[in-house]
Amino acid sequence: MAPDDLSVLLPDWSRHLRAINRAPSTIVSYQMVGQHFLAHLTEKGMPTVVGSIRREHVESYIADMVGTVSAATVAKHYRSLQQLWRWLVDDGEITGSPMARMRPPAVPEQPVPVLTEEDLSALLKACAGNTFENRRDTAIIRLLADTGIRAAELVGLAVEDLDADHDVAKVLGKGRRERSVPYGAKTSDALRRYLRARARHPHAALPAWPFPPWPLRKVWSTTGAAPIW
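So the sequence shown is residues 959 to 1187, counted in the numbering used here.
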């Protein structure tokens, strides 16, 4: 296999991404796109040596996805391939990106679906009670609804990331950027009740704020509501 074949260079790209401290989820996503692109080139009999890959080969890959996946997914693959070519140029494997004059695919604006008040009430009703799981699930639902944080951000919370005095949670978002999100009095009360129950749990020494099982399959099956992440 040629040293400048895409199949050889993709693992090197992964190592580079780790070296610049990209989030593991980002690395997995980039590698997935790279492998799909390589599979497309191989299947279509197109070159896989990076110096021979041209704009038309990238456009063929993008065009094959249109109509089979969402516009947002097509745009994600486009952006990921841009990052791949940027790295190859920076590393001196190629002198210019085949995507240099390409235009990104259009992504129509789509409103993000939100829970109705009835849905949220049903979720909270399903969590009602004084068991450890009830208190945990209520705290999770209220924190998600109050702050709008991502599921991954919630899972990454540690107990020390919750500031009970100021009702603020410190979360690590996309790109490993930290931000503080405030929450309301009802969420603060739910967190207080959960943390008391958590302190009596056999695994209370663990740093993670929410304990498994996760996600809340019990809640979804009870209410029939769609997951909010």
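Just so you know, even glycine gets a beta-carbon here, dropped at the ideal spot from N, CA and C.
These numbers come from a predicted model, not from an experiment.
Shortest alpha-carbon distance to residue i belongs to which of the options?
i, options, result
"residue 1034", "1045, 1019, 1046 and 1116", "1019"
"residue 1112", "1025, 1011, 1101 and 992", "1101"
"residue 1088", "992, 966 and 1148", "1148"
"residue 995", "976, 1015, 978 and 985", "1015"
"residue 984", "1060, 1134 and 1027", "1134"
"residue 1062", "1039, 990 and 1052", "1039"
"residue 1131", "968, 1051, 1027 and 980", "980"
"residue 1107", "1136, 1090, 1091 and 1060", "1136"
"residue 943", "986, 1051, 1096 and 1154", "Since the displayed the chain opens at 959 and closes at 1187, residue 943 lies outside it and no answer follows."
Residue i by DSSP, collapsed to three states: which one?
i, result
"residue 1136", "strand"
"residue 1162", "coil"
"residue 1147", "helix"
"residue 963", "strand"
"residue 1168", "coil"
"residue 1141", "coil"
"residue 1154", "helix"
"residue 985", "helix"
"residue 1187", "Caution applies to residue 1187, whose pLDDT of 30 falls short of 50 and renders its modelled position unreliable; the value that the coordinates give is listed next. Coil."
"residue 977", "helix"
For residue i, which residues from the same chain have a beta carbon less than 7 Å from its beta carbon, with the 5 sequence-adjacent residues on both sides left out?
i, result
"residue 1030", "1065"
"residue 976", "985"
"residue 1028", "none"
Keeping to the same chain, check which residues put their C-beta closer than 6 Å to that of residue i; ignore five residues upstream and five downstream.
i, result
"residue 1155", "1090 and 1093"
Near residue i, which residues of its chain fall below 8 Å by C-beta distance, leaving aside the five closest residues on each side in sequence?
i, result
"residue 1118", "1165"
What residue ranges within the region 990–1055 form continuous alpha helix (DSSP H) runs of no fewer than 4 residues, ordered along the chain? 1013–1023 and 1029–1048
Determine contact between the region 1040–1055 and the region 962–972, defined as no fewer than three beta-carbon pairs at a distance below 8 Å. yes
When the Cβ atoms of the region 1005–1021 are set against those of the region 1079–1092, are three or more pairs found closer than 8 Å? no
Under 8 Å: do the region 968–975 and the region 1123–1140 share three or more Cβ pairs, one atom per stretch? no
Report the residue ranges of all beta strand (DSSP E) runs contained in full by the region 1060–1133; include only those spanning at least 3 residues, in chain order. 1126–1130
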